[in-house]
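Sequential numbering of the sequence shown, starting at 185, is according to this note's numbering. By construction, the Cβ of each residue, glycine as well, lies at the ideal position given by its N, Cα and C atoms. Below: one structure, written as structure tokens.
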Amino acid sequence: MNFNRHDLIGKKVFISGGSAGIGRGLALELAKRGASVVISARGRIALQKTVLELQGTGTSKAVFDFVIADVSDFKQVQSAAKKALKLLGGLDLLICNSGYAKVGKISDLDGSDFSKLMDVNYFGHVNVVRSFQKHFIKQGSGDIVLISSMLATFSIYGYGAYSASKFAITGFAQSLRQEMMMHNVRVKLFLPPTTNTPGLEKENQDKPALVKEIEMGSSLNATHSVEKVVAAFVNWLPKRNFIGYATWDSWFQYFLVRHFPEWTLLLADGELRSAQKRLNQNEKVIR
Ligand SMILES: NC(=O)c1ccc[n+]([C@@H]2O[C@H](COP(=O)([O-])OP(=O)(O)OC[C@H]3O[C@@H](n4cnc5c(N)ncnc54)[C@H](OP(=O)(O)O)[C@@H]3O)[C@@H](O)[C@H]2O)c1
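What follows is the structure, encoded as structure tokens:
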């Protein structure tokens with residue numbers, strides 16, 4: 185199946201983590217383009233608020249609703265998927281988007297930080313895909329998009345636990361792509377850059393000072409708006425490319441990592457050392 189702007193009219197879409205940030209932005213954009221959208225998350229109030237916004241944005245013929253599920257709990261996801269299929273009367277496009285970031289030195293994080301990130305970010309996507317997979321196989325058409333992160337292509341200081349959960353999605357997605365290809369179902373992987381969302385705000389609250397300093401001084405890190413990321417997603421969706429980026433700096437980062445891996449490590453090391461130097465100088469000035 186190939187999407188284009190007109191194809192989205194009447195399409196049935198499910199988005200995990202659709203009540204906030206990138207997921208909410210995608211839900212609103214797809215509704216605007218004529219799709220029916222069911223979103224999921226844990227928090228009822230934000231889900232209700234977003235569904236009201238969808239109703240105000242989309243066409244009167246479309247279905248807008250929500251289901252509640254914690255993506256790390258397979259049983260909850262299975263039952264939410266059943267409800268979503270009933271609400272929509274089928275499914276054409278599945279977007280696995282839910283996720284969060286916890287940043288910190290590997291030596292500072294608890295064991296539970298590592299496992300929770302895997303449970304939500306990696307197993308969350310696995311649970312959602314497995315809950316809808318039989319539907320897609322039976323239907324013999326449709327699209328499944330897994331949202332990962334640019335930090336699934338290259339990791340830096342402070343992102344070890346988060347990146348591992350996002351790298352895992354890539355391996356899963358590559359294998360799923362071939363498996364579902366045999367059923368005429370397309371699987372794609374989208375890698376958002378740093379995006380201004382409630383999730384990023386939360387992530388920044390307990391981000392170590394050195395990580396903030398690296399990001400401020402990085403030549404390859406900028407914060408992008410949800411609108412920009414959503415526009416790039418919708419533009420990439422109908423294309424054949426398996427991997428989707430939102431911005432030129434994302435493309436450039438991936439290019440460097442693929443073609444100059446050792447040089448990219450050196451560049452990142454330089455940024456880390458400069459950030460540490462700046463922090464040390466600031467401390468001296470304060471003292
Ligand atoms: N923002 C960025 O800079 C950035 C960069 C790269 C990749 N990404 C990825 O893009 C995706 C969206 O990020 P975002 O920044 O838009 O996040 P966000 O603003 O925090 O929104 C996250 C959404 O996921 C839901 N969610 C979180 N944990 C969940 C769980 N355990 N079960 C079910 N739903 C859950 C949230 O609702 P509830 O809390 O109510 O459940 C919310 O709807 C994530 O996978 C993230 O890792 C984001």
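Item                                                                                                       : Value
Residue closest to A325, alpha-carbon to alpha-carbon, out of I340, S339, M365 and G288                    : For the sequence presented, residue 325 should be read as Ser rather than Ala. Nearest option by C-alpha distance: M365.
Simplified DSSP assignment, three categories, for T241                                                     : helix
L192, buried or exposed, once every other Cβ within 10 Å from all chains shown has been counted against 16 : buried
D257 (DSSP reduced to helix, strand or coil)                                                               : coil
G168 Cβ short of 7 Å to ligand 1 heavy atom set                                                            : No answer is possible for residue 168: the residues shown for the chain start at 185 and end at 471.
The region 279–293 touching the region 343–356, judged by at least three CB pairs closer than 8 Å          : yes
Endpoints, the beta strand (DSSP E) within which I290 is located                                           : Segment: none, I290 is in no beta strand (DSSP E) and carries neither H nor E.
Alpha helix (DSSP H) segment containing D433, residue limits                                               : W432 to H443
Identity of the residues DSSP links to A225 by a beta bridge                                               : I252
Environment of S200 [buried if 16+ CB atoms lie within 10 Å]                                               : buried
Euclidean distance between Cα positions of G552 and A285                                                   : Outside the modelled stretch of the chain, which goes from 185 to 471, sits residue 552, for which no answer is possible.
C-alpha gap between V197 and F316, whole angstroms                                                         : 12 Å
Extent of the continuous alpha helix (DSSP H) to which I206 belongs                                        : G205 to K216
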